[in-house]
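**Student:** Protein sequences appear in the order of chains Z and Y.
Everything in the first sequence is counted per our numbering, starting at 64 for the first residue and increasing by one.
Everything in the second sequence is counted per our numbering, starting at 1392 for the first residue and increasing by one.
Positions of the beta carbon are idealized from the N, C-alpha and C atoms, including for glycine.
The structure displayed is predicted, hence computed values, not measured ones.
Structure incoming, see below.
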Amino acid sequence: MDRKQLQYQVACMRKSLFDQGYLDEQFNQLEDLQDEANPNFVEEVVTLFYSDSARFIHNIEQAMINKPNIDYGKLDDYMHQFKGSSSSFGAKKVKKECSQFRECCSAGNIEGCIKTFRQLKLEHATLKRKLETYFQLVKQAGIAERR
Amino acid sequence: MESGAVHTQQQEEEKQKQQREEEEEKREQQKEEEEENFHVLAVDDSFIDRKLLERLLKESSYQVTLVDSGDKALEYLGLLDSIDNVNATSSSSSSSQSPQQEGMKVNLIMTDYCMPGMSGYDLLKRVKGSYWKDVPVVIMSSENIPSRIRMCLEEGAEEFLLKPLQLSDVEKLQTHLLKSPEKYSSIRIDDSSFNTESSSVTVSSKSNIASKRKALSPEIEERRPKLKGLAVV
């Protein structure tokens, strides 16, 4: 596939990620910070997020499962951090689920928390797959450019 | 022939001298650039936010030092030990009136509000009660809580920024920096041990901040991918 076609694919995928609400403006901001000296900045941030988020998810699960007395304050703290991280790179849907979760927390609604958390993990995994594909495509298009 | 050999030796010496002078010049230049570029101390417990901050600040030609807690920030500023600012590892008198001439400067402190342990607000108070009190402090938070914002501003914060941060937020800090004193010297501390990240001091090849103005709005609003020669239909 030639360069133009690859670049077109990249642009299309990017557009759909935005149109479908997976990413928001903050992702743009990060891409704008990329230059020759920092060509993979966005991918680095995303990689960092996903290496960190596994820990969050684990902590939250531990704090929720099989607990007679849920520490909602702690849960909220974890989710606050998680929300902050996802919002820093524009993970729109993930961020939304985080907000939802926090609402359930403040209402002491454990059922809601569990349900929302399930949805959160889904969005988290989906975005990861999509971004992996996206970055792969970007690399291919970049390599094609250099030839 | 004799004269030929001497000539070569002279040339060699000349060359070495030139090299030394060039190196000296380079060092001077680096030093100058370091002094020209504003130095920001950024405090945030989130790994991602630190990475973002670093990129944003370096993009704006600032030197950056990143730490992951209020305690580390105080340590860096030499404020950790006590209210009296007596630091055993540093040199003699930690005078509260006139900081010593040589040493580091901090032109701006940026801190997250919500951090485990010491909050950004607590850090703000500590800084404002020290000889760093004239250094502008900017608080960052992901939560837009008016009473929180008010509280920080009342305590002397220069600005309250909502996360996630964007380049335009950092760019507008320039006005705050230009207000602050040129240098804020302190007892020289080996600051390489403080950095939570691998890179801190950057000698930027970009020129002095005052003369550098980025065309903001077109860039920020541009939503097209940064790929050349592409038309998205």
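Comparing alpha-carbon positions, which option in M1531(Y), R1411(Y) and K1496(Y) lies nearest S1510(Y)?
**Tutor:** Start at 1 with the first residue of the second sequence, and residue 1510(Y) comes out as number 119. Looking at the Cα atoms, M1531(Y) is the closest of the given residues.
**Student:** At least one CB of chain Y closer than 8 Å to the CB of V233(Z): is that the case?
**Tutor:** Nothing in the structure corresponds to residue 233(Z), since chain Z is present only between 64 and 210.
**Student:** Nearest-angstrom Cα distance between F152(Z) and A170(Z)?
**Tutor:** Indexing the first sequence from 1 puts residue 152(Z) at position 89. Indexing the first sequence from 1 puts residue 170(Z) at position 107. When rounded, the distance between both Cα atoms is 28 Å.
**Student:** Could you pull out every residue in the same chain whose Cβ sits closer than 7 Å to the Cβ of L1544(Y), ignoring the five residues on either side in sequence?
**Tutor:** Counted from its first residue, the second sequence places residue 1544(Y) at position 153. Contacts found: F1551.
**Student:** Determine the closest residue to V1529(Y) out of E1405(Y), V1497(Y), R1418(Y) and K1442(Y), with distance taken between C-alpha atoms.
**Tutor:** In the second sequence, the residue the question calls residue 1529(Y) occupies position 138. For the residues E1405(Y), V1497(Y), R1418(Y) and K1442(Y), the minimum Cα distance to V1529(Y) belongs to V1497(Y).
**Student:** If contact means a Cβ-Cβ distance below 9 Å, which residues of the stretch 1445–1469 of chain Y contact chain Z?
**Tutor:** Going along the stretch 1445–1469 of chain Y in chain order, one finds R1446, L1447, K1449 and E1450 with a Cβ nearer than 9 Å to chain Z.
**Student:** Does the distance from the CB of R66(Z) to the CB of A204(Z) come in under 8 Å?
**Tutor:** Looking up residue 66(Z) in the first sequence gives position 3. Looking up residue 204(Z) in the first sequence gives position 141. Contact: yes.
**Student:** Just curious, the beta strand (DSSP E) that Q89(Z) is in, first and last residue?
**Tutor:** For this step, residue 89(Z) is matched to residue 26 along the first sequence. Segment E88 to D95 is the alpha helix (DSSP H) holding Q89(Z); no beta strand (DSSP E) there.
**Student:** Taking only three categories from DSSP, how would you classify A100(Z)?
**Tutor:** The residue you call residue 100(Z) lines up with position 37 of the first sequence. Of the three classes helix, strand and coil, the one that applies to A100(Z) here is coil, per DSSP.
**Student:** Please list the terminal residues of the continuous beta strand (DSSP E) segment that includes V1434(Y).
**Tutor:** By 1-based counting over the second sequence, the position of residue 1434(Y) is 43. Element bounds for V1434(Y): H1430 to V1434.
**Student:** Could you please tell me which residues of the stretch 100–125 of chain Z, in chain order, have their CB closer than 8 Å to any CB of chain Y?
**Tutor:** Within the stretch 100–125 of chain Z, the residues whose Cβ lies closer than 8 Å to some Cβ of chain Y are N101, F104, E107, V108, L111, F112 and D115, listed in chain order.
**Student:** Since K156(Z) contacts L194(Z) with CB under 8 Å, what's their CB separation in whole angstroms?
**Tutor:** Start at 1 with the first residue of the first sequence, and residue 156(Z) comes out as number 93. Start at 1 with the first residue of the first sequence, and residue 194(Z) comes out as number 131. Not quite, the Cβ-Cβ distance comes to about 12 Å (not below 8 Å), so this is no contact.
**Student:** Along chain Y, in chain order, which residues have C-beta atoms closer than 9 Å to that of G84(Z)?
**Tutor:** On the first sequence, position 21 is the one that residue 84(Z) refers to. The contacting residues do not exist; G84(Z) stays about 15 Å from chain Y at best.
**Student:** Which residue marks the beginning of the alpha helix (DSSP H) containing L69(Z), and which one marks its end?
**Tutor:** As a first step, residue 69(Z) must be located in the first sequence, where it is residue number 6. Residues R66 to D82.
**Student:** Restricting to Cα atoms, I'd like to know which of K146(Z), K130(Z) and Q92(Z) is closest to K159(Z).
**Tutor:** Along the first sequence, read from residue 1 onward, the residue named residue 159(Z) stands at position 96. With distances taken between Cα atoms, K159(Z) lies closest to K146(Z).
**Student:** List the endpoints of the continuous beta strand (DSSP E) containing L145(Z).
**Tutor:** Stepping through the first sequence from its first residue, residue 145(Z) is reached at position 82. The sequence shown places Phe at residue 145(Z), not Leu. From DSSP, F145(Z) is part of no beta strand (DSSP E) but of the alpha helix (DSSP H) over Y135 to S151.
**Student:** DSSP puts V1458(Y) in a beta bridge; with which residues?
**Tutor:** As a working note, residue 1458(Y) is residue 67 in the second sequence. Note: V1458(Y) sits in a beta bridge opposite V1434(Y).
**Student:** Give me the Cβ distance between F180(Z) and F198(Z), rounded to the nearest whole Å; I'm assuming they're in contact under 8 Å.
**Tutor:** Residue numbering aside, residue 180(Z) sits at position 117 when the first sequence is read from its first letter. Residue numbering aside, residue 198(Z) sits at position 135 when the first sequence is read from its first letter. Actually they are not in contact, since the Cβ atoms of F180(Z) and F198(Z) sit about 27 Å apart, beyond 8 Å.
**Student:** If you count every other CB in all the chains shown that lies within 10 Å of the CB of E1416(Y), and 16 or more means buried, which is it?
**Tutor:** If you number the second sequence from 1, residue 1416(Y) lands on position 25. With fewer than 16 other Cβ atoms within 10 Å, it is exposed.
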